[in-house]
Amino acid sequence: MKPTFAITLALAASAMMATIPASAKPKYSGPLQYTVKDISAQDVPLSNYRGDVVLIVNTASLCGNTPQYAGLETLFEKYKSQGLRILAFPANDFAHQEPGSNSDIKEFCTAKYKTTFDLFSKISVKGDDQAPLYKYLTSKDTNPKFGGDIEWNFAKFLIGRDGQVVGRFPAGHDPLSPDVVAAVETELSKKGPKARA
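Position 69, counted from 1, in the sequence shown is what our numbering calls 313; the numbers after and before it change by one each time, with no gaps.
In structure tokens:
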């Protein structure tokens, strides 16, 4: 290839790349790309949590695992100033253990467990009406390392400051167990755009 042609080709390629609009650049495609409804039915873009460490949990009020709400609140209170966020998604997918309305669920969580972490509107975490967030979390295509069906209420996904899934803990796993706490602390130690001082 002649040097003049190679230079011309390189300049043409540079000019083409410079004209690609910013909107054509790849967008973030992790689990925090979705907009969900909070417990009061207000839209919440999960992108608001990018830069935080996020624990996503499917919950239920009438389950043997329901006392985990207390552990989740303890975990949240201990680490929220460092950037931990807990997102609870009530679901009635397992043995009809979340039959109440959103207002019933909110009242139950705040009255019985004094929860202050973020509570969202009731969704489905499996089946034909599975919420897009949970399609992402459970698919081996989008979440190859931690994907797989939700086995029961209180399955936990840990999202790092970069917005990617970095861990999963089974439904019966206590949120205050040493491995959960260690994973949370590891992610909190990483600097991100919203890392707390």
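Every residue gets a Cβ at the ideal spot worked out from N, C-alpha and C, and that includes glycine. Please read all numbers here as calculations on a predicted model, not as lab measurements.
For residue i: DSSP bridge partner residues
i           : result
residue 400 : 301, 413
residue 393 : Its beta-bridge partners do not exist; DSSP assigns none.
residue 280 : 288
residue 339 : None; residue 339 has no bridge partner.
residue 334 : 303
residue 363 : 332
Pair within 7 Å by beta-carbon distance, residue i and residue j
i           : j           : result
residue 283 : residue 356 : no
residue 285 : residue 365 : yes
residue 377 : residue 293 : no
residue 288 : residue 327 : no
residue 415 : residue 367 : no
residue 398 : residue 301 : yes
Cα-Cα separation between residue i and residue j, rounded to whole angstroms
i           : j           : result
residue 338 : residue 280 : 21 Å
residue 394 : residue 370 : 7 Å
residue 409 : residue 322 : 22 Å
residue 331 : residue 320 : 10 Å
residue 411 : residue 353 : 25 Å
residue 313 : residue 359 : 7 Å
residue 403 : residue 436 : 12 Å
residue 263 : residue 274 : With a pLDDT of only 46 at residue 263, under the threshold of 50, the placement of this residue in the model should not be trusted; the figure read from the coordinates follows. Whole-angstrom Cα-Cα distance: 27 Å.
residue 426 : residue 340 : 33 Å
residue 310 : residue 430 : 26 Å
residue 276 : residue 386 : 12 Å
residue 347 : residue 315 : 22 Å
residue 424 : residue 384 : 22 Å
residue 432 : residue 390 : 20 Å
residue 295 : residue 379 : 22 Å
residue 428 : residue 419 : 10 Å
residue 299 : residue 406 : 13 Å
residue 308 : residue 396 : 10 Å
residue 345 : residue 434 : 38 Å
residue 226 : residue 290 : Nothing in the structure corresponds to residue 226, since the chain is present only between 245 and 441.
Exposure of residue i, with buried meaning 16 or more beta-carbon neighbours within 10 Å
i           : result
residue 373 : exposed
residue 400 : buried
residue 388 : exposed
residue 392 : exposed
Cβ separation of residue i and residue j, assumed to be a contact under 8 Å, to the nearest whole Å
i           : j           : result
residue 381 : residue 342 : Actually they are not in contact, since the Cβ atoms of residue 381 and residue 342 sit about 18 Å apart, beyond 8 Å.
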